[in-house]
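This report concerns only the one structure given below.
Spelled out as structure tokens, the structure:
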């Protein structure tokens with residue numbers, strides 16, 4: 001568990017302050033099939049969008065509640081008021097986002113120029129999720145190593161295992177997307193990046209007759 005900085009403790013204990021303290025979340029979505037990182041959803045429990053460490057966080061209301069029952073694992077329930085459908089489509093696409101990583105941050109916001117300072121952060125893993133009506137309920141728990149893919153990278157004959165434009169991919173050109181194949185119309189060869197293909201085309205596929 002991380003601790004608040006001295007400056008944050010002093011700010012929190014003031015009788016009055018112009019600065020606001022709020023919560024922001026990084027939700028790092030993981031593809032449940034490949035185990036690869038897909039994208040990061042960034043949201044802030046504030047009345048306007050915020051820029052934190054150079055990243056834009058979309059305003060949306062949410063609450064966190066702690067469950068700490070005797071002889072039970074400690075879990076946190078995240079409830080998001082998702083009337084605009086910002087989160088639900090991703091839960092449907094990625095099987096509830098179970099196994100994805102969530103970083104919760106306490107942030108101090110200057111109301112004048114909206115500058116932000118991260119005071120505290122803690123990391124969780126999505127254990128389960130549901131989306132009744134317009135609310136999204138996500139149960140967060142500690143990372144379970146038994147749920148992690150091992151080995152972390154799966155070799156496939158016709159699919160690259162690297163995230164597009166990541167350091168392992170190495171592509172830095174202007175093409176906006178990649179279909180993660182070697183010879184496809186939008187694959188590594190079309191990007192002239194064949195030498196960095198993250199698949200294993202030499203794998204032999206057995207044909208049963």
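Numbering (the UniProt record's numbering), first residue to last: 1 to 209. Ideal Cβ positions, reconstructed from N, Cα and C, are used throughout, including at glycine. Computed from a predicted structure; not experimentally measured.
Take residue 53, set aside five residues on each side of it, and no residue of its chain has a beta-carbon closer than 6 Å to its own. Excluding residues up to 5 positions away in sequence, 29, 41 and 97 lie with their Cβ nearer than 7 Å to the Cβ of residue 90 in the same chain. Sorting 180, 189 and 186 by C-alpha distance to the C-alpha of residue 34 places 180 at the top. The three-state reading of DSSP puts residue 81 in strand, counting E and B together. Straight-line spacing of the CA atoms in residue 155 and residue 46 works out to 42 Å. Distance between residue 102 and residue 50, taken at the CA atoms: about 18 Å. When only Cα atoms are considered, residue 76 and residue 138 end up about 8 Å apart. Excluding sequence positions up to five before and after residue 59, its CB lies within less than 7 Å of the CB of 44, 46, 47, 48 and 49, all in the same chain and listed in chain order. Residue 80 is a Cβ neighbour of residue 62, given a cutoff of 7 Å. 7 Å or more divides the Cβ of residue 19 from the Cβ of residue 116. For residue 88, the uninterrupted alpha helix (DSSP H) segment begins and ends at 88–93. Here DSSP, grouped into helix, strand and coil, assigns residue 167 to coil. A direct Cα-Cα distance of roughly 6 Å separates residue 22 from residue 106.
For the pair residue 178 and residue 142, the Cα-to-Cα distance works out to about 33 Å. Within the model, the alpha-carbon separation for residue 174 versus residue 187 is close to 14 Å. Within the same chain, and ignoring the five residues on either side of residue 123 in sequence, the residues whose Cβ sits closer than 6 Å to its Cβ are 103.
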